[in-house]
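Trainee: With UniProt numbering applied, the sequence shown corresponds to residues 1 to 110, in that order.
Glycine included, C-beta positions come from ideal geometry on N, C-alpha and C.
My structure is below; once you've seen it, I'll send some questions.
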Amino acid sequence: MAIKLTERAAEEVLRFRKEHNFDDTMLLRIGVAGGGCSGFNYTLNFDDNFDEKADSKYDHHGVSVVVDKKSALYLDGTEVDWFDSLEKQGFTFNNPNAVKSCGCGSSFQA
1 MAIKLTERAA EEVLRFRKEH NFDDTMLLRI GVAGGGCSGF NYTLNFDDNF
51 DEKADSKYDH HGVSVVVDKK SALYLDGTEV DWFDSLEKQG FTFNNPNAVK
101 SCGCGSSFQA
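Right, dumping it as structure tokens:
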């Protein structure tokens, strides 16, 4: 499997990239870092580096997503979506590998 970016999440990434005048070659890098209340944090940032040996690359709705192979072990099958309500807005992660997630949804345990 891979990481999937929903159409709504891709729209938000494209809007952000345009709003901040990022070049179309900028890739969305999704990863995992140690920390958070559950053990791992999700990371999202823009990057212009892609290493074929160390990264996997996916294209969803006009957005190129890059994941380092170490993070891919924890993110395989994850769907990234965009949530927007009166209470909060932001990216959400539906990760089938997470055995526990924190209340804010930004950290997990695998």
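1) Closest to Asp24 by CA distance: which of Asp47, Lys4, Asn94, Gly39 is it?
2) Tell me, which residues are paired with Tyr58 by DSSP?
3) Compute the distance between the beta-carbons of Lys69 and Asp55, then report whether it is under 8 Å.
4) The alpha helix (DSSP H) spanning Phe16 covers which residue range?
5) In the DSSP assignment, what residue or residues form a beta bridge with Leu73?
6) For Phe91, report the span of its beta strand (DSSP E) as first-last.
7) Phe50: which of Glu11, Ser85, Leu27 sits nearest, CA to CA?
8) Measuring alpha carbon to alpha carbon, tell me which of Ser85, Val80, Arg29, Asp84 ends up nearest Asn95.
9) Going by Cα to Cα distance, which pick from Trp82, Leu86, Thr92 is closest to Arg15?
10) If we ignore side chains and look at the alpha-carbon of each, how far apart do Ser107 and Val13 end up?
Mentor: By the coordinates alone:
1) Among Asp47, Lys4, Asn94, Gly39, the Cα nearest to that of Asp24 belongs to Asp47.
2) Paired residue(s): Val65.
3) In terms of Cβ geometry, Lys69 and Asp55 form a close pair [threshold 8 Å].
4) Annotation: the continuous alpha helix (DSSP H) that includes Phe16 extends over 7-19.
5) Answer by DSSP bridge pairing: none, since Leu73 is not bridged.
6) That run of the beta strand (DSSP E) goes 89-94.
7) It is Leu27 whose Cα lies nearest to the Cα of Phe50.
8) Closest by alpha carbon: Val80.
9) The alpha carbon of Arg15 has as its nearest neighbour, out of Trp82, Leu86, Thr92, the alpha carbon of Trp82.
10) For Ser107, the predicted model reports a pLDDT of 48, less than 50, meaning its position is unreliable; a value from the coordinates is still stated below. Looking at the two C-alpha atoms, the distance is approximately 20 Å.
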